[in-house]
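**Student:** The following block contains the structure, expressed as structure tokens.
There are 2 protein chains.
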Amino acid sequence: MQAAHEPVAHEWHAHGLTLRRVAIDTYHENVAYLHRDCAVYRAEGFQALSKVEIRANGKCILATLNVVDDASIVGCQELGLSRDAFAQLKAADGHPVAVSQAEPPESIPALFRKINGERLSRADFGAIVRDIAALRYSKIELTAFVVACNRSELDREEVYFLCDAMVASGRRLDWHASLVVDKHCIGGIPGNRTSMLVVPIVSAYGLVFPKTSSRAITSPAGTADTMEVLANVELPFEQLTGLVRKHRACLAWGGTADLSPADDVLISVERPLSIDSPGQMVASILSKKIAAGATHLVLDIPIGPSAKVRSMPEAQRLRRLFEYVAQRLQLSLEVVITDGRQPVGCGVGPVLEARDVMQVLENDPRAPDDLRQKSLRLAGRIIECSPDVRGGDGYKLARDILDSGRALAQMRAIIAAQGARDFDHQHPPLGALTLEVRATEAGAVIDIDNRQIARVARLAGAPKVKGAGVDLNVKLGETVAAGDLLYRVYASYSADLEFARQASAQASGYRIGSAAQVPHVFVEF
Amino acid sequence: MQAAHEPVAHEWHAHGLTLRRVAIDTYHENVAYLHRDCAVYRAEGFQALSKVEIRANGKCILATLNVVDDASIVGCQELGLSRDAFAQLKAADGHPVAVSQAEPPESIPALFRKINGERLSRADFGAIVRDIAALRYSKIELTAFVVACNRSELDREEVYFLCDAMVASGRRLDWHASLVVDKHCIGGIPGNRTSMLVVPIVSAYGLVFPKTSSRAITSPAGTADTMEVLANVELPFEQLTGLVRKHRACLAWGGTADLSPADDVLISVERPLSIDSPGQMVASILSKKIAAGATHLVLDIPIGPSAKVRSMPEAQRLRRLFEYVAQRLQLSLEVVITDGRQPVGCGVGPVLEARDVMQVLENDPRAPDDLRQKSLRLAGRIIECSPDVRGGDGYKLARDILDSGRALAQMRAIIAAQGARDFDHQHPPLGALTLEVRATEAGAVIDIDNRQIARVARLAGAPKVKGAGVDLNVKLGETVAAGDLLYRVYASYSADLEFARQASAQASGYRIGSAAQVPHVFVEF
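First to last, the protein sequences are chains A and B.
Read in order, the letters of the first sequence are residues 1 to 525 in this note's numbering.
Read in order, the letters of the second sequence are residues 1001 to 1525 in this note's numbering.
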């Protein structure tokens, strides 16, 4: 009961139209504006919201059509383009332009097969991902792909096909080194800023570690957001490569490098649907790392009652899928399964996390020990990728680099090279408004809900407001008296503080009980 | 591995904004325009493409935000609205207006459960369909719902819940009669215009038959498109009800009556994905019929090699699903399984089909007999819904009404009441450009591909160009010599004719062979 897919025949019509910039920002969606009395609009039978193909200056873009009745916005002889669409054509106002009905993307028959539950081939995934990266899919088609892949549980070879196609959809960096290391965490643990410690330690040891990170999507801070407290992270591609040549490392935002661009498009529909299926997670993470030129990757899968992964069998299934796809793509992968029962460090939010990181680097006695230990273990595992390091020696090498101040010096070099920002971690620029959340009974902390802490920090304004967030005062297993401080919330706007107050009043995120109730977790490392 | 759904807290901010109509037609999508330097835009941290809620004049609408850098389109103290969005608020230019971040629809948690393959409750479907009908779902959320329901194969009670919720989402007509009949075909057979014969016959017999139809979505003509050749079909709701009171019948477009509006929204994403799963088909058809006030429905399921349903077991499965849901909704349903091996009648396209219908009504010897016979059988089954008619007598009653001219008189009364259009079926206003497709070999017609004939007719311009389409000269089982006319294509524009020519050259839609190869079909009626 499926109507056949039918390509629409079409023709080009120039009709003497000229280009006009319409100063409307439609974000990721290209919009074209035609006057209702425009001859092309009448002749072609376009409908508002039709997808049209626009050619000028040897370039071709797709856009959604809006029909205009006001000649001051766009005249009858003009084709208007929204801000970003206009920029893509790189043509001047008044340039001749041609428009036609857009042909449906070539890969639509493959998409329809996936919607109906079929297994797809390497060529199918290649065609679909090419169309997605070229922004040829509508939101409807994108969503259908994501939901169809979510439900039909891609088999592991399909995940490999998808991942490989995603790598091919963008730029692939080549660092001209036989060993390029990287690390990644699947996410879900607030405050988990180990990259900002692992990168200086491992690159101080001598390995090439070009770390590109994302900004927060649904969390209170991504590595790029926190690093931005200390340094510029939006580096032009040439500056980024120069920096890595000189310092072996960077801590930059990955958005400028065109790595696995199809992934960014897919995330734009996965996020509002909270879809994070194993297949899509593996393809997303590995495609970014391979495109960034990594040869060796250490992957952190935290488990805990409020982590993304909640049981060891689930973690092991995910590990095997990561390993299968990495091996097909000739990426050397080490998976470590870590303690995800609670946030790492004390601060949650860009400024608070930057403070924790700098305290660890400076060997400040107030530095959170869990962040220090986890970073040293991860750095040790990465250092062991080096062929001249014996298994088991990495941790000690990493600790020596940190304790000696060499990691701090390397971090300072990276910060200076990227463009330092004014930041004094002894006096971090926190939000002026605060709220204290206190224990209502005495006992041991037996649970800290990662999701609720993240939620309170986001409502307080993180990551947009850098100085907003949550500063934890006690961690799992510690004992408190009634009235003791559990955490302090920082905000810059009273509305934000009020939202955070309501959320923490509903659920503080902490549970107090007896010491015997603290959950154990058996991790691999 | 699912992030929790998190409602976003929000506040109203009037900020002294005033309303402005922006003369841009964005079709079904409401768009709001704010200047980049507008205080609200800066304070609220809206993003372009955010969903915002707009209040004025006691009304509230949702819209997608576009950011403007041109004060001639929208000033810093103004909130612009696209044409239809502005009309929905029914407020004047300059009226005070408030804007806020839109809260996510209440039913999103249920949607997420469906995406993850869970069975939903009656309350879940109620909440989802209410949000869909209120246009609270984004294209992403709509598509996710449609694809998740397609893949997880809704169980039959879920189809009932969905259908019931769709009925409740709009108006439900009450004709104050104990017997209100209707008919429907699941579609896929070109030229199948039996409604325009069945309605006058059955209403001439005396039954109440308020027939509302759709326009073509993917076919070369819907009943509303063909009826529009003869009469006005876009009737204000009051005129429609008055007409049915007087003549017991109408043949109108259903779009003005607000029947199952959620269905129209769902179709807007099902169509581009060619999704037509049994559950969605049943919920869509039955919700429209129940909302239109039908108590008794005769449903036509054609089967054939190029019909929507291709085998008897598939037809029987579909029949059982229709019957289960109809019984839960207390609709009396008769399913008839009919011959769908080829188009019905000769003409395919509005004017050509109107000609066939009028020939049958006038007992013209040139009238296509298959259209006459099918209409009489359907009309007979519907007449038998009347408690004073014995099973088996309906066909003869219907034939007497048609042969005596009473059906023609009733049709003329309906046409006059709706507003007659100038149409002479002896000289139908066909497209001036023609193309003849001829047999390349001698033999019997053993196959006529419904989809290819429909495709050629659509490329020729149907249904938009009323006089465009395909006129079949020979039908299944008839013999032809090489060079004999198979069908004639009519078009009004040379580009359309050229597209039709290319398509019919690729595949005429006809197969010629030996008489023994004509496929048999065992139908129920």
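Just so it is clear, CB atoms sit at the ideal spot from N, CA and C, and this is done for glycine as well.
By the three-class DSSP mapping on this structure, what secondary structure does F149/A have?
**Tutor:** Numbered from its first residue, the first sequence carries residue 149/A at position 149. For the sequence presented, residue 149/A should be read as Cys rather than Phe. It is helical.
**Student:** Interface residues of chain A around I1073/B at Cβ under 9 Å?
**Tutor:** The residue you call residue 1073/B lines up with position 73 of the second sequence. Neighbours of I1073/B on chain A, chain order: V22, A23, I24, D70, S72 and I73.
**Student:** So, under 8 Å CB-CB, P1190/B and A1454/B are touching, yes? Tell me the CB distance rounded to an integer number of Å.
**Tutor:** Translated into positions along the second sequence, residue 1190/B becomes position 190. Translated into positions along the second sequence, residue 1454/B becomes position 454. At roughly 5 Å, the Cβ-Cβ gap stays under 8 Å, so P1190/B and A1454/B are in contact.
**Student:** Do you know whose CA, among G1349/B, Q1410/B and S1494/B, lies nearest L1433/B's CA?
**Tutor:** Taking the first residue of the second sequence as position 1, residue 1433/B is located at position 433. Minimum Cα distance to L1433/B is reached at S1494/B.
**Student:** Check whether the Cβ atoms of C1548/B and Q1077/B sit closer than 9 Å, and answer yes or no.
**Tutor:** Only positions 1001 to 1525 of chain B appear in the structure, and residue 1548/B is not among them; the question remains open.
**Student:** Just the chain B side, please: which residues come within less than 8 Å of Y33/A by C-beta, in chain order?
**Tutor:** Against the first sequence, residue 33/A aligns to sequence position 33. Those are I1024, listed as they occur along chain B.
**Student:** Measuring CA to CA, which of D263/A, L486/A, Q410/A and V480/A is closest to K289/A?
**Tutor:** Position 289 of the first sequence holds residue 289/A. For K289/A, the nearest C-alpha among the options comes from D263/A.
**Student:** On the CB-based measure, 16 or more other CB atoms within 10 Å of its CB, does S311/A come out buried or exposed?
**Tutor:** For the purposes of this step, residue 311/A is taken as the residue at position 311 of the first sequence. Label assigned to S311/A: exposed.
**Student:** Please report the straight-line C-alpha distance between V265/A and V1298/B, rounded to a whole angstrom.
**Tutor:** The sequence position of residue 265/A within the first sequence is 265, counting from 1. The sequence position of residue 1298/B within the second sequence is 298, counting from 1. Cα-Cα distance, rounded: 46 Å.
**Student:** Helix, strand or coil: how does DSSP classify H1520/B here?
**Tutor:** Residue numbering aside, residue 1520/B sits at position 520 when the second sequence is read from its first letter. Correct three-state label for H1520/B: coil.
**Student:** Tell me which residues share the same chain as V68/A and place their Cβ nearer than 6 Å to its Cβ, disregarding the 5 neighbours each side in the sequence.
**Tutor:** Along the first sequence, read from residue 1 onward, the residue named residue 68/A stands at position 68. Correct list, in chain order: Y33, H35 and V74.
**Student:** Going straight from the alpha carbon of G477/A to that of G349/A, what length do you get?
**Tutor:** What you label residue 477/A is simply residue 477 of the first sequence in a count that begins at 1. What you label residue 349/A is simply residue 349 of the first sequence in a count that begins at 1. Distance between the alpha carbons of G477/A and G349/A: 23 Å.
**Student:** Name the residues in the segment 253 to 279 of chain A whose C-beta lies less than 8 Å from a C-beta of chain B; which are they?
**Tutor:** Of all residues in the segment 253 to 279 of chain A, V269, P272, L273, S274, I275, D276, S277 and P278 have a Cβ within less than 8 Å of some Cβ in chain B.
**Student:** Determine which residues of the segment 1222 to 1240 of chain B have a Cβ less than 9 Å from any Cβ of chain A, and write them out in chain order.
**Tutor:** For the segment 1222 to 1240 of chain B, which is checked against every Cβ of chain A, not one residue is closer than 9 Å.
**Student:** Is the segment 499 to 510 of chain A close to the segment 443 to 453 of chain A, with three or more CB pairs under 8 Å?
**Tutor:** Judged by Cβ distances under 8 Å, the segment 499 to 510 of chain A makes contact with the segment 443 to 453 of chain A, as three or more pairs qualify.
**Student:** Could you tell me which whole beta strand (DSSP E) segments of length 3 or greater appear in the segment 1206 to 1265 of chain B?
**Tutor:** Counting only runs of 3 or more, we get 1209 to 1213 and 1249 to 1253.
**Student:** Can you tell me whether K183/A is buried or exposed, with buried defined as 16 or more other CB within 10 angstroms of its CB?
**Tutor:** Translated into positions along the first sequence, residue 183/A becomes position 183. Its Cβ being crowded by 16 or more others within 10 Å, K183/A is buried.
**Student:** Looking at L235/A and W253/A, is the spacing between their C-beta atoms short of 9 Å?
**Tutor:** For this step, residue 253/A is matched to residue 253 along the first sequence. For this step, residue 235/A is matched to residue 235 along the first sequence. Their beta carbons are under 9 Å apart, which means W253/A touches L235/A by this criterion.
**Student:** Can you tell which of I1140/B, G1080/B and A1148/B has its C-alpha closest to the C-alpha of R1113/B?
**Tutor:** Taking the second sequence and counting its residues from 1, the one referred to as residue 1113/B is at position 113. Looking at the Cα atoms, A1148/B is the closest of the given residues.
**Student:** At a Cβ threshold of 9 Å, is T1143/B touching chain A?
**Tutor:** As a position in the second sequence, residue 1143/B is number 143, starting the count at 1. Judged by the 9 Å Cβ criterion, T1143/B is in contact with chain A.
**Student:** Kindly list, in the order they appear in chain A, the residues whose Cβ is closer than 9 Å to that of K954/B.
**Tutor:** Any answer about residue 954/B is impossible in this case: the structure gives chain B only from 1001 up to 1525.
**Student:** In this structure, what does DSSP give as the bridge partners for Y1033/B?
**Tutor:** Within the second sequence, the letter at position 33 stands for residue 1033/B. Paired residues: N1066/B and G1080/B.
**Student:** Could you tell me the boundaries of the beta strand (DSSP E) in which R1438/B lies?
**Tutor:** Your numbering for residue 1438/B matches position 438 in the second sequence. It spans L1433 to R1438 - the beta strand (DSSP E) in which R1438/B sits, taken as one unbroken run.
**Student:** List the residues of chain A whose Cβ lies closer than 7 Å to the Cβ of N1066/B, in chain order.
**Tutor:** Position 66 of the second sequence, counted from the first residue, corresponds to residue 1066/B. Simply I24, D25 and T26.
**Student:** To the nearest angstrom, how far is it from the Cα of A367/A to the Cα of V357/A?
**Tutor:** The count along the first sequence starts at 1 and reaches residue 367/A at position 367. The count along the first sequence starts at 1 and reaches residue 357/A at position 357. Distance between the alpha carbons of A367/A and V357/A: 8 Å.
**Student:** How close, in whole Å, do the beta carbons of D1025/B and R1119/B come, if the pair is a contact with beta carbons under 8 Å?
**Tutor:** The sequence position of residue 1025/B within the second sequence is 25, counting from 1. The sequence position of residue 1119/B within the second sequence is 119, counting from 1. Actually they are not in contact, since the Cβ atoms of D1025/B and R1119/B sit about 41 Å apart, beyond 8 Å.
**Student:** Cutting at 7 Å between CB atoms, please list the residues of its own chain near A1110/B, excluding the five before and the five after it.
**Tutor:** Locating residue 1110/B in the second sequence gives position 110, where the first residue counts as 1. Hits under 7 Å: L1120, D1124, A1127 and I1128.
**Student:** So I943/B and L1402/B are in contact, right, with Cβ under 8 Å, and what is the actual spacing, rounded?
**Tutor:** Residue 943/B falls outside the range modelled here, since chain B spans only 1001 to 1525, and no answer is possible.
**Student:** Quick check: what's the CA-CA separation for F984/B versus S1268/B?
**Tutor:** No answer is possible for residue 984/B: the residues shown for chain B start at 1001 and end at 1525.
**Student:** Could you confirm whether any beta carbon from chain B is found closer than 9 Å to the beta carbon of I285/A?
**Tutor:** Position 285 of the first sequence, counted from the start, is the residue given in the question as residue 285/A. Closer than 9 Å: no.
**Student:** So A1407/B packs on L1361/B, CB below 8 Å; how close in whole Å?
**Tutor:** In the second sequence, residue 1407/B corresponds to position 407, counting from 1. In the second sequence, residue 1361/B corresponds to position 361, counting from 1. Yes, A1407/B and L1361/B are in contact; Cβ-Cβ is about 6 Å, under 8 Å.
**Student:** Distance cutoff 9 Å, beta carbons only. Does I115/A sit that close to anything in chain B?
**Tutor:** For the purposes of this step, residue 115/A is taken as the residue at position 115 of the first sequence. With 9 Å as the cut-off, I115/A counts as an interface residue toward chain B.
**Student:** Please report whether the beta-carbon of R1036/B lies at a distance below 9 Å from any beta-carbon of chain A.
**Tutor:** If you number the second sequence from 1, residue 1036/B lands on position 36. Yes, its Cβ sits closer than 9 Å to a Cβ of chain A.
**Student:** For the segment 1375 to 1392 of chain B and the segment 1474 to 1489 of chain B, state whether three or more C-beta atom pairs, one from each stretch, are separated by less than 8 Å.
**Tutor:** Judged by Cβ distances under 8 Å, the segment 1375 to 1392 of chain B makes no contact with the segment 1474 to 1489 of chain B, as fewer than three pairs qualify.
**Student:** Could you give the first and the last residue of the continuous beta strand (DSSP E) run that contains Y510/A?
**Tutor:** Numbered from 1 along the first sequence, position 510 holds the residue referred to as residue 510/A. Start and end: Y510 to G513.
**Student:** Are three or more beta carbon pairs between the segment 309 to 329 of chain A and the segment 270 to 277 of chain A nearer than 8 Å?
**Tutor:** No, because fewer than three Cβ pairs between the segment 309 to 329 of chain A and the segment 270 to 277 of chain A fall closer than 8 Å, the two stretches do not touch.
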